[in-house]
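Single-structure report; data block below.
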Amino acid sequence: MKFSEQWLREWVNPGIDTNALSEQLSMAGLEVDGVTPVAEEFSGVVIGEVVSCGQHPDADKLQVTQVNTGDDELHNIVCGAPNCRTGIKVAVAKVGAVLPGNFKIKKAKLRGEPSNGMLCSSSELGLTDEHDGILELPADAPVGTDYRKYLQLDDVTMDVDLTPNRADCLGIKGLAREVGVLNRCDVQEPAFAAVAPTLSETRNIELQAPDACPRYLGRVIQGVDVKALSPVWLTERLRRSGVRSIDPVVDVTNYVLLELGHPMHAFDLDSLQGDVQVRYAKPGEQLELLDGQVVTLQDDVLVIADEQKALAMAGIFGGKQSGVTDQSKAIFLESAFFAPDAIAGRARRFGLHTDASHRYERGVDPELQRTAMERATALLLEICGGEAGPIVEAVAESHLPKPAQVTLRAARLKKILGVSIDDNQVEDILKRLGFDVKTNADGWQVVVPTFRFDIAIEEDLIEEVARVYGYNNIEAAAPAASLSMIPRQEQQQSLLRFSEDLVDRGYQEAITYSFVDPKHQALLFNETAALSLPHPISVEMSSMRVSLWPGLLATVAYNQKRQQPSLAFFESGLRFLPDDDAPSGVLQEPMLAGVRAGKVTGEHWSDADRAVDFYDIKGDVESLLNHTGFANEFKFVADQHPALHPGQCAAIYRASKRVGYVGAIHPQFEKKLGLNGRTFVFELELGAIQQRRLPKAAPISRYPSIRRDLAVVVENRVAVGEIFTAIENIGVKNLVGLNLFDVYQGPGVADGYRSLALSLTLQDTEKTLEDAEVDASIATVVKLLQDEFGATLRE
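Residue 148 in UniProt numbering is what sits at position 148 of the sequence shown, and the numbering runs on without skipping anything.
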């Protein structure tokens with residue numbers, strides 16, 4: 001929010017200078033980002049009148065003028081501006097004047113004609129960057145007056161960075177109220193008298209969406225002159241607030257927005273067909289905006305319409321067809337209250353951010369509409385002329401916000417702030433802020449004013465008291481609190497241990513947003529319902545994640561585009577699933593996920609590069625599972641997942657419960673997700689791997705182990721994991737180790753089959769095993785493989 005300090009001081013004028021005012025606002029939570037002069041330094045510039053203007057004899061684009069600056073004689077000045085003409089008032093830099101950049105005006109000759117001064121443009125005086133001709137001043141501008149004094153340019157623009165909760169300060173009115181409270185000053189609010197109607201013409205207003213717009217005021221104004229010039233005082237205040245002057249109608253609505261913090265809009269009355277409707281858009285309804293953009297509206301977008309078509313996106317942007325032009329003779333002026341929930345997120349959906357949407361989505365005072373209408377009407381009639389009709393108001397009282405009532409306890413106030421503030425002082429602060437305060441046994445019952453949308457709970461009131469009391473008046477003190485150590489179960493494996501293991505294996509930890517692109521998420525999880533955000537940051541961040549994969553894959557794509565060939569990231573965090581049985585209807589489940597892409601190692605002369613494959617990331621998962629002490633309870637089972645390659649996908653089970661997935665991203669999604677090459681992912685439920693088995697000491701066998709190797713031929717469909725599980729389940733006596741050390745397909749093995757080479761290690765803790773015992777155990781395994789898997793021994 002940018003504003004002129006002079007403008008603010010017309011409303012409230014505390015006895016402090018600019019620097020102190022800036023510091024005071026910042027300490028009160030209204031951070032001042034910058035204080036800049038409204039004009040660069042210059043001197044010797046006065047108001048003059050062009051008495052004559054003729055063509056330069058030797059230059060087609062130059063004119064020779066005679067200018068009256070209130071001196072005894074006229075000044076001969078050569079000017080090249082296309083808008084220079086007889087009779088206009090201008091800014092004249094006389095000989096000896098110093099313009100911005102230390103540019104000194106001297107007597108000169110231009111193509112043989114003497115020039116004793118310069119007619120200035122706004123850019124030459126450092127006011128704006130526009131180069132569209134010399135400044136034209138009002139006809140009543142006093143000739144000879146110093147230009148700086150005439151425009152009161154010894155002023156500064158203050159830029160306040162408001163937090164989203166302080167929409168009440170998005171106008172001079174709200175800022176003045178704050179300054180008045182902080183300095184115990186009275187606010188001199190201008191009196192906005194009601195404008196008596198001089199014609200009877202009206203338009204009926206129909207509220208078809210009272211929940212979104214419970215109050216709408218409209219007024220017809222006939223006979224306006226849109227070509228009239230906005231007065232200098234108004235355009236200067238707009239300029240100092242960072243707003244460009246366009247035409248008097250737009251200038252007035254912008255002025256009211258800056259002054260009162262209330263957006264307004266004007267329609268060309270002749271473009272309206274019938275009565276005015278406030279409704280939701282029809283699905284697929286299109287609207288051409290003032291900037292020429294054509295948008296297709298959804299049925300949750302509020303529009304202002306007539307009986308035939310949509311005219312504007314309510315509280316966001318006007319439509320081109322109903323916009324005021326320099327040919328307009330009559331306007332329909334709008335002043336409305338739109339509910340924040342009806343506006344929030346809609347502008348961003350269409351790539352828009354307007355001053356109106358910025359205010360409406362944060363909250364506008366629902367009692368301010370009539371004041372804004374009367375103020376705008378008075379200014380329009382003063383500048384553009386015309387006649388105003390009566391104000392037509394449509395209101396749905398039951399949908400208007402009700403003033404919140406909040407209890408503030410004195411004990412709670414002291415506990416939170418750590419300082420004791422006198423009860424009378426607390427009550428005084430709240431009343432000066434506009435709250436209705438009643439004392440009770442424990443503290444105060446407070447009714448919140450309509451312009452404070454952000455006050456809802458007791459802590460909000462405590463914050464208000466603290467910032468007005470002054471954070472710098474709260475003395476620093478060491479916290480007085482007892483510290484206690486919370487016991488942790490030994491069986492609970494810490495997340496840090498898993499993180500350290502992944503870091504040791506070359507991963508980097510990532511932290512991504514919990515809200516993701518719904519299109520990308522739908523690609524990966526087309527069968528999983530996702531939660532949509534009602535007010536997203538952007539369309540690309542409008543869905544709550546059902547997995548950590550979308551964020552990690554976006555991180556990989558981002559880094560690959562920046563020439564990072566080998567990547568490994570992991571993340572721990574919540575996923576969000578709709579669940580009617582969960583609190584608030586949302587299941588929030590902690591997950592651990594990882595992604596790998598590119599090469600296993602960097603380039604090195606001693607070893608050839610190798611791309612990451614399925615077994616690399618499977619090994620990473622197995623390393624994590626080893627920390628549980630229950631690694632043998634987890635099984636990798638070939639499975640299908642919509643996001644993963646059908647031939648490189650495994651579900652991870654603990655007992656009969658699926659606790660995760662590991663695999664390669666499906667090739668058909670890689671390009672759509674912006675990935676370069678094969679990408680592998682895993683995801684585990686943290687709750688399933690954080691319980692661990694405590695280690696127990698056991699003596700090491702003093703007797704030798706015996707290894708026997710088996711080569712068996714099985715069908716390709718037989719998974720090695722199934723074989724291992726079957727062998728472990730029959731409880732082979734003295735079996736202490738089982739490993740797959742070779743897989744063979746080729747000559748000697750029939751098509752559709754493969755040879756698996758298994759090593760079995762047997763050992764007893766009490767004696768040396770004899771061959772007969774070992775042979776019996778091996779025979780048991782062979783019989784199992786033959787019976788359950790149709791295996792044959794390979795000679």
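Glycine included, every Cβ here is placed at the ideal spot set by N, Cα and C. Fair warning: this is a prediction, and the values are worked out from it, not measured in the lab.
Where H520 is concerned, the enclosing alpha helix (DSSP H) starts and stops at P518 to L524. Contact between E113 and V64 holds: their C-beta atoms lie close to 5 Å from each other, under 8 Å. The distance from the Cβ of V782 to that of L756 is about 13 Å, inconsistent with a contact at the 8 Å cut-off. At a Cβ-Cβ threshold of 7 Å, T450 and E367 count as neighbours.
Here the alpha carbons of D454 and L333 stand approximately 29 Å from one another. Scanning E189, E458 and G34 for the CA closest to the CA of W444 turns up E458. Contact check for E387 against Q222 passes: the beta carbons are separated by less than 7 Å.
Uninterrupted beta strand (DSSP E) stretches at least 3 residues long and entirely within the UniProt domain "TRNA-binding" (39-148) occur at 43-55, 63-68, 75-79, 89-99, 108-110 and 113-115, given in chain order.
In this structure, the beta-carbon distance from R452 to D168 falls below 7 Å. The three-state reading of DSSP puts C649 in strand, counting E and B together. Taking C-beta atoms as the reference points, L740 and L592 fail to come closer than 7 Å.
For L153, the closest of L170, A608, D60 and A39 by C-alpha to C-alpha distance is A39.
Under the DSSP assignment, L735 falls in the beta strand (DSSP E) whose first and last residues are L735 to Y744.
Under the three-state reduction of DSSP output, R237 falls in the helix class.
Annotation: the continuous beta strand (DSSP E) that includes D161 extends over V156 to D161. Here Q640 carries a coil assignment [DSSP, helix/strand/coil]. With respect to V181, R346 sits apart: the two C-beta atoms are not nearer than 7 Å. Going by DSSP, G180 is part of the alpha helix (DSSP H) stretching over I172 to N183.
By the neighbour-count definition (other C-beta atoms within 10 Å, threshold 16), D268 is a buried residue.
Look at P190 here: in three-state DSSP terms it is coil, with no helix or strand label. The criterion of a C-beta distance shorter than 7 Å is not satisfied by G101 and G174.
In the three-state reduction of the DSSP assignment, L381 falls in the helix class, which pools H, G and I. With a cutoff of 7 Å on beta-carbon distance, A176 and L302 are scored as not near each other. Boundaries of the alpha helix (DSSP H) around Y615: F614 to N626. Bounds of the beta strand (DSSP E) holding M313 are A310 to M313. For K635, the CB contacts under 7 Å within the same chain, skipping 5 residues up- and downstream, are Y653, G721 and T725 in chain order. Using a Cβ-Cβ distance cut-off of 8 Å, the stretch 95-110 and the stretch 138-151 are not in contact, since fewer than three pairs of beta carbons, one from each stretch, lie closer than that value. In this structure E361 is not in contact with G319, their Cβ atoms being roughly 20 Å apart against a cut-off of 8 Å. Rounded to whole angstroms, L257 and H265 show a C-alpha spacing of 10 Å.
Relative to W233, the option among L379, G144, Y280 and A191 whose CA is nearest is L379.
In the three-state DSSP reduction, S543 falls in the strand class (E or B). In this structure, the alpha-carbon of A228 lies about 7 Å from that of P248.
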